[in-house]
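Working notes for the structure below.
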Amino acid sequence: MKENFDSNLDTVASLDAELERHYAGVSPAALDELRRAFAATGYVKIPSFTPPAVTRAVRAEAHALFERLAVRRNVRMRVTGNTPRILSNVRCADIRRDGQLIPAFYAAPALKRFVAAVFGEACHDTPYENERYMILSLRAAGDTHGWHWDDYAFSLIWLIEAPPKEKGGWVEFVPRTRWDKDDPDTVARVLREREVERRDHVRDDVYLLRGDTCMHRVAPLTGDAFRLVLNLAWASAEDLDKPVSHETLDELYG
Ligand SMILES: O=C(O)CCC(=O)C(=O)O
Ligand SMILES: [Fe+2]
C-alpha cells in the first residue's frame, strides 16, 4: 500500500519542477567547484541537496520503508576478499513497490541533470533495476558495510540518519583503484599500498561517489547508533557498453 506523504510531491512532475527550481539556484561557479572536487577524488559533498519540503518527505518515506521492510544481513563477500556486510537493507524492488517519493526522485529528470553536471558526464538509469536505489542501515556495534567497489560508476548517498562521529560509521575510500573481480586479494593489496581517505558525515549530508573506481567502505560502528542511508546509482555510458556482473549484490540481496 502506498502512503501519501505529501500530496504536493506525489508525482514525478511536481517533484521534478520543485527540484528544477532548486538547482536553478546553484551558481555556475559553485557547480564548477563541485565538478572539480568530484573529478579530483571521486567524492564530493553536495550542500543543500534538496529543498526542505523534499528533504522532509524523503526522510519520512525512507524511515517508513525501513521500519516495514528492512532485512538483516550478515555475510562475507568472496569477490572482495571476504569483506563483511553486517547491515540491514530494503531492497530496490520493495522500494519500487511500496515507495512513492523515492522512485519519483530517481525518475526526476532535474535530479539526473544536476548530478550529471557534477559527474562531468551523462548518467543513465542502471540497466540492472535492483541497483537503482536502496536503503541501508547500520545499528549495532560492529555493523559495517565492508570494502567494495560498486557495479556502476555513479552513486549518490544521502545520510538520512548519521551516527555521532565518535561511534564510527564514517566513510573511507581509496580513489583511482580498480576492482579485479578475478583476484580476491585486490582489496588487501590496495590497503597495503595506498592511503585511505576518510570523510565524516552528519544527518542530511549528501555525497556523490565514483563507486567503480573508488574502493570504499563504511567503517564499523564502535557502539550502538543509527545510521540510515538512501543510495541511488547510475551507470556511465561506458557501463552500458560492457557486461556488468552483480556478484556482490546478488549474493547480498538475491
Ligand atoms: O553507506 C554509505 O555511505 C555507502 C554505501 C555503499 O557504499 C553502497 O551502498 O554501495
Ligand atoms: Fe558502495
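Under the working numbering, think of the first position of the sequence shown as 453, with each following residue one higher. For each residue, glycine too, the CB sits at the ideal point set by N, CA and C. Bear in mind the structure is a predicted one, so any value in this text is a computation, not a measurement.
Endpoints, beta strand (DSSP E) assigned at residue i
i	result
Ser589	585-590
Leu661	658-662
Arg528	523-529
Arg651	649-651
Trp625	Note on identity: in this sequence residue 625 is Phe, with Trp being the wrong assignment. Its beta strand (DSSP E) spans residues 623-626.
Arg669	667-670
Gly675	Run containing Gly675: none; DSSP gives neither H nor E here.
Where residue i falls: helix, strand or coil (DSSP)
i	result
Asn541	strand
Ser500	coil
Glu513	helix
Tyr495	strand
Asn683	strand
Pro536	strand
Ser697	coil
Thr638	helix
Asp550	helix
Ser414	Only positions 453 to 706 of the chain appear in the structure, and residue 414 is not among them; the question remains open.
Asp440	A question about residue 440 goes unanswered here, because the residues of the chain that appear run from 453 up to 706.
Thr507	helix
Arg520	helix
Arg655	coil
Arg646	coil
Residue i versus residue j - alpha carbon distance
i	j	result
Val654	Arg679	10 Å
Glu470	Phe606	23 Å
Cys666	Ala505	32 Å
Arg511	Arg641	38 Å
Lys454	Glu647	Caution is warranted here: a pLDDT of 49 is assigned to Lys454, below 50, making its placement in the model unreliable, and no coordinate value can be reported.
Gly551	Leu517	7 Å
Ala599	Ala560	Residue identity check: residue 599 is Trp in the sequence provided, not Ala. So the two alpha carbons sit approximately 30 Å from each other.
Pro499	Arg473	16 Å
Pro615	Thr638	29 Å
Asp657	Glu485	17 Å
Asp546	Lys633	28 Å
Gly706	Leu661	Bear in mind that the predicted position of Gly706 carries a pLDDT of just 49, short of 50, making it too unreliable to give a figure here.
Arg508	Leu553	11 Å
Gly663	Arg528	19 Å
Cβ of residue i within 7 Å of any chain D Cβ
i	result
Ala516	Chain labels in this structure do not include chain D; a single protein chain is all it has.
Exposure of residue i, with buried meaning 16 or more beta-carbon neighbours within 10 Å
i	result
Glu581	exposed
Asn541	buried
Lys564	buried
Arg488	exposed
Ser479	exposed
Arg591	buried
Val444	Any property of residue 444 remains undetermined from this structure, which presents the chain solely from 453 to 706.
Arg669	buried
Asp693	exposed
Ala491	exposed
Arg543	buried
Val523	exposed
Ser697	exposed
Ala482	exposed
Where the alpha helix (DSSP H) through residue i begins and ends
i	result
Tyr571	Contrary to the premise, residue 571 reads as Phe rather than Tyr in this sequence. 561-571 is the extent of the alpha helix (DSSP H) around Phe571.
Arg473	464-476
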